[in-house]
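*Asks:*
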Amino acid sequence: MNKTLRKAVIAGNWKMNKTPAEAKELLEAIAPLVKDADCDVVACVPYVDLSVALETTAGSNIRIGAENCHWEASGAYTGEISAPMLKAVGVDYVIIGHSERRTYFGETDVTVNKRVRAALDNGLTVILCVGEYLEQREQGITDEIVAMQTKVALQGVSEAELKRIIVAYEPVWAIGTGKTATAEQANEVCAMIRRTVAGLYNAQAADGLTIQYGGSMNAKNAEELLDQPDVDGGLIGGASLKPEDFAAIVKAASR
Ligand code: 13P
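For the record, in the sequence shown the residue sitting at position 44 is 44 according to this note's numbering, with numbers rising by one throughout.
1. Would you give the residue range spanned by the alpha helix (DSSP H) that residue 111 belongs to?
2. Kindly indicate which residue of 87, 134, 65, 189 has the alpha-carbon position closest to the one of residue 179.
3. Candidates 69, 78, 138: which alpha carbon is nearest residue 93's?
4. Can we say the segment 44-55 touches the segment 165-174, given the rule of at least three CB pairs closer than 8 Å?
5. As an exercise, report each continuous alpha helix (DSSP H) stretch of at least 4 residues that is fully enclosed by the segment 134-173, in chain order.
6. Relative to the ligand 13P, is the shortest distance from any of its heavy atoms to the C-beta of residue 233 smaller than 7 Å?
7. If residue 11 and residue 175 are in contact, beta carbons under 8 Å, what's the gap, nearest whole angstrom?
8. Is the beta carbon of residue 98 within less than 7 Å of some heavy atom of the ligand 13P?
9. Going by the CB atoms, is the gap between residue 62 and residue 41 shorter than 8 Å?
10. When you compare only the Cα positions, how much space is there between residue 172 and residue 121?
11. The beta strand (DSSP E) spanning residue 245 covers which residue range?
12. My guess is that residue 31 and residue 47 are in contact by the Cβ rule of under 8 Å, so how many angstroms apart are they, rounded?
13. Under 7 Å: does the beta carbon of residue 217 sit that close to some heavy atom of the ligand 13P?
14. State the DSSP-derived secondary structure class of residue 258, mapped to helix, strand or coil.
15. Going by the C-beta, is residue 239 closer than 7 Å to any heavy atom of the ligand 13P?
16. What residue from 77, 218, 103 has the CA that sits closest to residue 238's CA?
17. In this structure, does DSSP put residue 190 in helix, strand or coil?
18. Around the Cβ of residue 132, are there at least 16 other Cβ atoms within 10 angstroms (buried) or fewer (exposed)?
19. Could you pull out every unbroken beta strand (DSSP E) segment of at least 3 residues lying fully inside the segment 27-94, listed in chain order?
20. To the nearest angstrom, how far is it from the Cα of residue 22 to the Cα of residue 37?
21. Please state the DSSP three-state secondary structure of residue 182.
22. Where does the unbroken beta strand (DSSP E) through residue 11 begin, and where does it stop?
Following this line, the structure appears as structure tokens:
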């Protein structure tokens, strides 16, 4: 496995935080701190912040993403946003299957797969989230759960399309809890995801897949996590709202 084959990607997931004015301010603070990054830098922001985020980051190395998208192009789905809508405003990335969507909004592996398909069909790059609950880890079924989430989400995704997929391994028990998976735990599951993808496609496709870790990644622990052979980046929640912390993580990924 050769880490140099893969692009390191640090993505912020702002979740339900920041008004458009606050988004502008935050991105203006982040941009100069990450301008020399030797990795891809993405900010995934609330829908209402997308336009201002795209304007504020135009000409910079920060790419903008959304936090979800619907699987249909249009229709009677009150409150939803479609992939063609995201593409139309100029968005490049979309997070799909975040555990908060799965836990609070009834997202399933099947709907995750449908949303992945819609995003790919509309030219977006997907940050596909997978990860186990604490009870599942304690029961020793982490690998089965995460492999299943990965396989169902990638159903019908071609090898060429896989190049527009980033997998984010986010153990649910580590999200927003301050409890990070150890670097070894993170790497073990990321390596297992890569083996699963090798089984679905082939070793070359799996070697090229960027796999992020997410869950209480911060300025202090980023370097150790990102040093792991199968951890190619991070999906950052809380720390992505703090310019210096986010920039420190970007720096750790740029070495
Ligand atoms: P925290 O970094 O706040 O734990 O959130 C991680 C996450 O859910 C990113 O998608």
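Here a beta-carbon is modelled for each residue, glycine too, at the ideal position from N, C-alpha and C.
*Replies:* So, from the data block:
1. 109-121
2. 134
3. 69
4. no
5. 134-138, 142-153, 159-162
6. no
7. In fact, because the Cβ distance is near 14 Å, the residues do not count as touching under 8 Å.
8. yes
9. yes
10. 28 Å
11. No beta strand (DSSP E) holds residue 245; the alpha helix (DSSP H) holding it covers 243-253.
12. So it is not a contact: roughly 21 Å between Cβ atoms.
13. yes
14. An answer regarding residue 258 cannot be provided, because it is not within the stretch 1 to 255 covered by the chain.
15. yes
16. 218
17. helix
18. buried
19. 40-44, 62-66
20. 23 Å
21. coil
22. 9-13
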